[in-house]
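Trainee: These protein sequence lines are chains A and B, in that order.
Heads up: the first sequence at position 409 corresponds to 538 in this note's numbering, and the numbers run straight through without jumps.
Heads up: the second sequence at position 96 corresponds to 225 in this note's numbering, and the numbers run straight through without jumps.
2 protein chains.
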Amino acid sequence: MAQTENGWSGAAVSDGLPEAAEDTLRTYVMERLEAAKRVTSILGMAATDQKNRALEAMADALWAERKAILAANASDVRDAEAAGQAPARIDRLMLNESRMEQAADGLRQIVSLPDPIGEVVESFERPNGLSIERVRVPMGVIAMIYESRPNVTVDAAGLCVKTGNVAVLRGSRESLRSNIALLHALRRGLEAAGLPADALQLIERAERATVDLLIRARGLVDLAIPRGGPSLISRVVEEARVPVIETGVGNCHVYVDSAANLEMATDIVINAKTQRPSVCNAAETLLVHEGVAETWLPTAARALLARGVELRGCERTRQILDANGITSVVPAIEEDWETEFLALTLAVKVVANLDAALAHIDRYGTKHSEVIVTEDPAAAARFLARVDAAAVYHNASSRFTDGFEFGFGAEIGISTQKLHARGPMGLREITSCKYVVRGNGQVRG
Amino acid sequence: MAQTENGWSGAAVSDGLPEAAEDTLRTYVMERLEAAKRVTSILGMAATDQKNRALEAMADALWAERKAILAANASDVRDAEAAGQAPARIDRLMLNESRMEQAADGLRQIVSLPDPIGEVVESFERPNGLSIERVRVPMGVIAMIYESRPNVTVDAAGLCVKTGNVAVLRGSRESLRSNIALLHALRRGLEAAGLPADALQLIERAERATVDLLIRARGLVDLAIPRGGPSLISRVVEEARVPVIETGVGNCHVYVDSAANLEMATDIVINAKTQRPSVCNAAETLLVHEGVAETWLPTAARALLARGVELRGCERTRQILDANGITSVVPAIEEDWETEFLALTLAVKVVANLDAALAHIDRYGTKHSEVIVTEDPAAAARFLARVDAAAVYHNASSRFTDGFEFGFGAEIGISTQKLHARGPMGLREITSCKYVVRGNGQVRG
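(1) Helix, strand or coil for Lys180/B per DSSP?
(2) Measure the alpha-carbon distance for Leu349/B versus Ile399/B and round it to whole angstroms.
(3) How many Å lie between Glu185/B and Arg255/B at the Cα?
(4) Quick check on this structure: which residue in Ala520/B, Ala486/B and Asn308/B has the alpha carbon closest to the alpha carbon of Lys547/B?
(5) Between which two residues does the beta strand (DSSP E) carrying Leu440/B extend?
(6) Just checking, does the stretch 258 to 273 of chain A make contact with the stretch 206 to 215 of chain A on the three C-beta pairs under 8 Å criterion?
(7) Quick check on the DSSP output: the alpha helix (DSSP H) that includes Met268/B runs from which residue to which?
(8) For Ala525/B, write down the residues that DSSP places opposite it in a beta bridge.
(9) Go ahead and pull the three-state DSSP assignment for His489/A.
(10) Taking the straight line between their C-alpha atoms, what separation do you get for Glu444/B and Val459/B?
(11) For the stretch 360 to 388 of chain B, list every residue whose C-beta sits within 7 Å of some C-beta in chain A, in sequence order.
(12) Say whether chain B places a C-beta atom closer than 8 Å to the C-beta of Lys196/A.
(13) Say whether chain A places a C-beta atom closer than 8 Å to the C-beta of Ile246/B.
(14) If you draw a straight line from the alpha carbon of Ser363/B to that of Val373/B, how long is it in whole angstroms?
(15) Could you compute how far the alpha carbon of Thr156/B sits from the alpha carbon of Ala150/B?
(16) Could you spell out where the beta strand (DSSP E) holding Ala476/A opens and where it closes?
(17) Ile271/B: which of Ala452/B, Ala165/B and Asp465/B sits nearest, CA to CA?
(18) Kindly indicate the opening and closing residues of the alpha helix (DSSP H) around Met229/A.
(19) Can you tell me which residues form a DSSP beta bridge with His382/A?
(20) Only counting the same chain, and skipping five residues up and downstream in sequence, which positions put a Cβ closer than 7 Å to that of Val142/B?
(21) Does DSSP classify Thr376/B as helix, strand or coil?
(22) Lys402/B bridges to which residues according to DSSP?
(23) Using beta-carbon positions only, say whether Arg299/B and Ile261/B come within less than 8 Å of one another.
(24) Pair every Cβ in the stretch 547 to 560 of chain A with every Cβ in the stretch 432 to 450 of chain A, then say whether three or more of these pairs are closer than 8 Å.
(25) Gly173/A lies in the alpha helix (DSSP H); which residues open and close that run?
(26) With a threshold of 8 Å between beta carbons, is Asn482/B in contact with chain A?
(27) Take Gly161/A and list the residues in its own chain whose beta-carbon comes closer than 6 Å to its own, dropping the five residues that flank it on each side.
(28) For Met187/A versus Leu315/A, is the C-beta distance shorter than 8 Å?
(29) Using the beta-carbon of each residue, which ones in chain A are nearer than 7 Å to Asn569/B?
(30) At 8 Å on the CB atoms, spell out the chain B contacts of Gly114/A, in chain order.
(31) Of all the CB atoms in chain B, is at least one closer than 8 Å to the CB of Gln179/A?
(32) Give me whichever residues DSSP pairs with Thr560/A in a beta bridge.
(33) Using the beta-carbon of each residue, which ones in chain B are nearer than 7 Å to Gly293/A?
(34) Within a Cβ cutoff of 8 Å, which residues of the same chain sit near Trp192/A, ignoring the five residues on either side of it in sequence?
(35) Run through chain C and tell me which residues come within less than 9 Å of Ala520/A, C-beta to C-beta.
(36) Indicate whether at least one CB of chain B lies closer than 8 Å to the CB of Ala141/A.
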């Protein structure tokens, strides 16, 4: 099976397995899903207190079983090294005592978050006397499809337990032994609190076809959440027949207006590009109003270059920087405006005005996080209203698009779609609602 | 092209058109979608006042152009009659002056509803001084895919205009001339209020492939809503690559508990089954606690039979009714528990207790609307908490699951999925939100 950098081999649906093997796989996945479905109502009706006890017990079990978990992880890491994986990827895969402690602490932190389930979101009475409440309820069964980081296994399990959802986890092939060991501990924790172990399911098979089986299981999976690189996400979105929340791709822009505080602009651009370049809320393109390009771009460019950023500039950018003795700017090509570099690379374009910046963002943005730096309230208001993105910023770094930075206390991903959840997703975003209607014999006339 | 009762020919994706014809079709649909996308920000930022003026002007234009609309509709009706369509279907297709008046009034009623766009759903400040607002915004481009009723064209157009969404409408082949005439008027109305006519698009081609082109247009369609029979809905859900809200299928149950007020139970069952049997919130199966089956079932059965309802009973039901001289009950087969009859047919089953009723609903329900009739508060509470459905009722008819009955003032469909919208969908349910973040230079540490 061909592996891309992200562990997925692109567009094909089937593993090309012999039919019998495919049947066995289907039977296996369906059995897991049926087991998950059988316990949805137990999880859905569990009291906050019991769910919190389960989270504590899951944290304890992780710590108690850390030796077995770290041993399993060491085997995964050894194989990844033998396969010549990149160091960054191996680092993501690797667990150690400190990371185990963090994972367990993460579960304990979820205990302190308010339980969204049962919340009466709104209530109203109708003239005929019907009392109607909209009540927050679990989604049911959530399939998480993700890549190599085993900490996602623990996070997702914790967030699902807190929200009364049953989690079916499908991590990557290379973290399979780590995930099996983690799940052993997490399921023990559930049982210690009197909840069914089947509320946490791991797909213990690494064949690609298991993903397709999960995301096509209408009636058994209420929501699929892909977390990972663009190829994983687009494959899930393309092939899914169950509801999906799309996460992740962020081609984010910082627009520095003619009325910007230029010192602030430099700080924000540096932060948005360099503080953690590998993540979706990092900036990928800088748009500069031509009114400040000549005065500010050289300063900004020097600061970025000093931090190891490669600049890819439009013609005007290169002229200005060239005239200031900065000659290392690569000519930007069309593709650069479209690319989520996820690296210390920044595309730079001089634009005639705010409208030109808006048009550029309309065309190339991925509706994730977009920033304007300006002291002009009218320009700020227009940008914030006009840009169609999950998060729009005035005078702040795009890096704040994050469940923890927003104060949600948790994050299961960042949605870039408009349906259901948009932006950072915390506990609330993996719930649904139902209408509870109480009458005294009302019939419709 | 084979037509099913609902005007769709089932599972095949392509019309089997020659390649050149398919290219032409693709070009046509993409041109419509590009035109729609170009005006999204104009609609999205239009003031409430302007949108309301557009709705008024759309209503006026419908009335002013009623002769042309009715003439076009008469041609559609004539062809449908010539094709031997069922009278009920022709009735759904038909417009007349009174229906035109209703359609125009419907648009005027939308004027009086509050504009959800711009609503600050929540706002909070972070310790670092960032101010974060979650603001309601339009979805963008909504593709409506529906069947023969031309009133859906007017409704959907009105709800989309009010919410600043651009509507791309794809009605059925048999209502095409009616829809073309309606759109002519509706677009005139938009223009009269200074809004772009392109905010309302009709796909003026009846080839099936246009549906696939719409629901696969990622990046151009933000939401697809299918409205119609099960074959249309399941085809859209199966083939879509854009977010979809699934509407409609309702295999709804009324459970009459041992502690029911039996007179109320009779009223509710009769209303839920017979008041309008062709709709999704009508009851399809009656579940009766064995404790009241002998006393109540004969009364209920007589009342239902007197209203022309065909009963399909389990063995126990038939024994009890037989012993009371009611011999017309058809033996229920497995399929009856699964069927949304949409007709004067009711499956009837005697169950041992509440848990048996819950298990039956778990297995056969479609998570639409479910009813318990009981005077026992504990049984009611358990049913309301335990049943996983868009709307759960205590002592009221399932027929209330409706945007107007819930007081939303509008309805664009009834969602049976858990993502985004569940139950009756009004204006709010065709909006999204975005985070608006205001700072004074904050960067992430």
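Heads up, the beta-carbon is just placed ideally off N, CA and C, and yes, glycines get one too.
As the structure is a prediction and not an experimental result, all values here were calculated from the model.
Mentor: For this structure:
(1) helix
(2) 46 Å
(3) Rounded to the nearest angstrom, the gap between the Cα atoms of Glu185/B and Arg255/B is 43 Å.
(4) Ala520/B
(5) For Leu440/B, the enclosing beta strand (DSSP E) begins and ends at Glu439 to Gly442.
(6) no
(7) Judged by DSSP secondary structure, Met268/B falls outside any alpha helix (DSSP H); it is assigned neither H nor E.
(8) Paired residues: Gln571/A.
(9) The DSSP-derived three-state label of His489/A is helix.
(10) 10 Å
(11) Val366, Glu367, Arg370 and Pro372
(12) no
(13) At a cut-off of 8 Å between beta carbons, Ile246/B makes no contact with chain A.
(14) 11 Å
(15) 10 Å
(16) Thr474 to Val480
(17) Check the Cα spacing between Ile271/B and each of Ala452/B, Ala165/B and Asp465/B: the tightest is with Ala165/B.
(18) The continuous alpha helix (DSSP H) containing Met229/A extends over residues Glu226 to Ser241.
(19) Thr414/A and Glu499/A
(20) For Val142/B, the predicted structure reports a pLDDT of 39, less than 50, and the residue's modelled location is therefore unreliable. A value from the coordinates is still provided. Cβ neighbours of Val142/B beyond the five flanking positions: Asp341 and Glu368.
(21) strand
(22) According to DSSP, which records beta bridges pairwise, Lys402/B is partnered with nothing at all.
(23) Contact: no.
(24) no
(25) Thr169 to Met174
(26) no
(27) Note on residue identity: the sequence assigns Arg, not Gly, to residue 161/A. Here the set comprises Gln330.
(28) Between Met187/A and Leu315/A, the C-beta spacing is below 8 Å.
(29) Asn524
(30) No statement about residue 114/A is possible, as the shown extent of chain A runs from 130 to 574 and does not include it.
(31) no
(32) Pro267/A
(33) Within chain B, no residue comes near Gly293/A; the closest Cβ sits about 11 Å away, beyond 7 Å.
(34) Met229, Glu230 and Ala233
(35) Here chain C cannot be found, since the structure's protein chains are A and B.
(36) Below a pLDDT of 50, predicted positions are generally treated as unreliable, and Ala141/A, at 36, falls in that range; the measurement from the model is reported next regardless. Answer no: the Cβ-Cβ gap between Ala141/A and chain B never drops below 8 Å.
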